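For reference, the structure discussed in these notes is given below.
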Amino acid sequence: MTDAMVGLIIGVVVVLGVVALFWPVWGVVPRWRHATRAAERVRIEDTLKHLYESEVNEAVPSIQSVAGAVRLSVDEVAEVLQGLQARRLVAMEQDGIHLTASGRELGLHVLRAHRLWESYLADHTGFPEAEWHGRAHDLEHGLSPAEVDALSARLQHPIRDPHGDPIPTADGEFSGQRGVPLTTAPLGEPLSILHLEDEPKVVYAELVALGLHPEMPVRLLEVSPEQVRLAAGGAEHALDPLVASSVSVTPLAQGKPADETIGVPLHALRPGEEGRVLSLSRRCRGPERRRFLDLGVLPGTVIQAEMRSPNGDPTAYRIRGALIALRAEQADFIRIERLPEPAATAA
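Using my numbering, read the sequence shown as starting at 9 and increasing by one per residue.
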């Protein structure tokens, strides 16, 4: 191979390398710059969202609280706040960190987008409950105000997300009651869960594993430095006080029984017994709820337990003439009243 040919090959390789590095949109350098700008945007918006949420909750934000919320070091947060101050989105004053009108508007937008995305994921997808928060965080940074309004309209303007957090309007208005921490609620009174804090994840996972959810009726039995005992869902639970502080409650409205307080779960039926559907739990969301509705699981429908599998789960139920196998956790979504004798026909 001649020197000229070698030089030509080297030149082509160099040119291709330069193209791969700097080609618009798809080159390594443009993609790196785009990723860097996107990461910076997420840091800014997460910070503004935390500051706005603190303001709404009448809490005093700090560099340390921002660092914990956005998972950055204190030095990184100080750098972000300096940038936000330069853009006139926050004001650093002697008494703390304050949002400007522009910063408040952007923080409201991101918080609203996050809670609407959580509602969408809960009601219109099959993603597990533990993934709603993380996926909503990834999605919240990609919507314009008009797109957030459209998402709210599609969801019929919900006022609370699936964790019980209030969803603000585009004008920053919040609807509904404000709860109190379970640890400060009155003993023995009928209560309803208003909100479950979804951070930190390990605490939220423990609450979900216990079957606790917003609008669930509970009764506080004991509060001590060692534990918080409550009755919920037909069972007693002992929570660490730190975990219990992540639960907000309100007094249970008189004359308005929640779905877990009436009747019994469908799984309580023994083979050969029948029950009439009273309600479908609010915990049943998304595709699973739509499946039940498609099967005709509505108030008034008569369901008969036909047989259980040898290990006791699942159970086959006759629903509107069809034999449907349901696991115990699925059947527990359906509240029924037992019928004293077999009904002649299904409702």
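Ideal Cβ positions, reconstructed from N, Cα and C, are used throughout, including at glycine.
This structure is a prediction, so every number in the text was calculated from the model and none was measured.
Beta-carbon spacing of residue i, residue j below 8 Å
i: V78; j: T55; result: yes
i: L59; j: P69; result: yes
i: S256; j: M224; result: no
i: L163; j: S110; result: no
i: I311; j: R291; result: no
i: R297; j: T309; result: no
i: T133; j: G294; result: yes
i: A75; j: V82; result: yes
i: G184; j: I167; result: yes
i: A324; j: E281; result: no
i: P189; j: S253; result: yes
Integer Cβ distance of residue i from residue j, believed to fall under 8 Å
i: E244; j: L260; result: Incorrect: roughly 18 Å between the Cβ atoms, too far for contact.
i: G271; j: L277; result: Between L277 and G271 the Cβ distance is about 11 Å, and since that is not below 8 Å, they are no contact.
i: E53; j: V118; result: 5 Å
i: P279; j: R316; result: 6 Å
i: G187; j: L202; result: 4 Å
i: V50; j: I71; result: That pair is no contact at about 18 Å.
i: V156; j: L124; result: 6 Å
Close Cβ partners of residue i (< 8 Å) along its chain, the five nearest in sequence each way excluded
i: Q235; result: A246, L247, D248, P249
i: A330; result: L303
i: R343; result: D267, E268, I270, G271, V272, P273, L274, V285, L286, S287, L288, S289
i: A138; result: K209, Y212, A213, V216
i: M13; result: none
i: P348; result: none
i: D340; result: P273, L274, H275, S289
i: Q93; result: A99, M100
Residue-chain proximity (residue i, chain C), Cβ-Cβ < 8 Å
i: G196; result: Among the chains in the structure shown there is no chain C, since it carries only a single protein chain.
Contacting residues, own chain, Cβ-Cβ under 6 Å from residue i (five flanking each side not counted)
i: P322; result: A333, L334, R335
i: L114; result: L56
i: H122; result: A144, E148
i: F182; result: P174, P176
i: L195; result: L228
i: P222; result: G172, I201
i: A154; result: none
Assigned secondary structure, residue i (DSSP; H/G/I helix, E/B strand, else coil)
i: H171; result: coil
i: I344; result: strand
i: E314; result: strand
i: G242; result: coil
i: M224; result: coil
i: E234; result: coil
i: H356; result: Absent from the model: residue 356. The displayed extent of the chain is 9 to 355, so no value can be given.
i: V305; result: coil
i: R326; result: strand
i: A261; result: coil
i: R278; result: coil
i: P295; result: helix
i: E101; result: strand
i: P38; result: Note that P38 scores a pLDDT of 44, beneath 50, so its modelled location is shaky and nothing firm can be said.
i: V64; result: helix
i: G219; result: coil
i: L199; result: strand
i: P273; result: strand
i: A75; result: helix
i: T44; result: Note on T44: pLDDT 47, under 50, position unreliable in the model; the coordinate value appears next. Looking at T44 - three-state DSSP - the assignment turns out to be helix.
i: A193; result: coil
i: R335; result: coil
i: Q93; result: helix
i: G320; result: coil
i: R112; result: helix
i: L204; result: strand
i: R284; result: strand
i: L56; result: helix
i: L250; result: helix
Cβ shell of residue i (< 7 Å), same chain only, five flanking positions each side left out
i: E206; result: Per the sequence shown, the amino acid found at residue 206 is Asp instead of Glu. Answer for D206: H141, H171, Y212, listed in chain order.
i: A239; result: V226, R227, L229
i: G180; result: L116
i: G219; result: G241
i: L301; result: none
i: L306; result: V285
Check: residue i C-beta below 7 Å from any heavy atom of the ligand NAP
i: N65; result: The model depicted lacks the ligand NAP and carries no ligand whatsoever.
TODO: At 4 residues or longer, and completely inside the region 118-188: list those alpha helix (DSSP H) runs for me, N to C.
DONE: 140-147, 153-162
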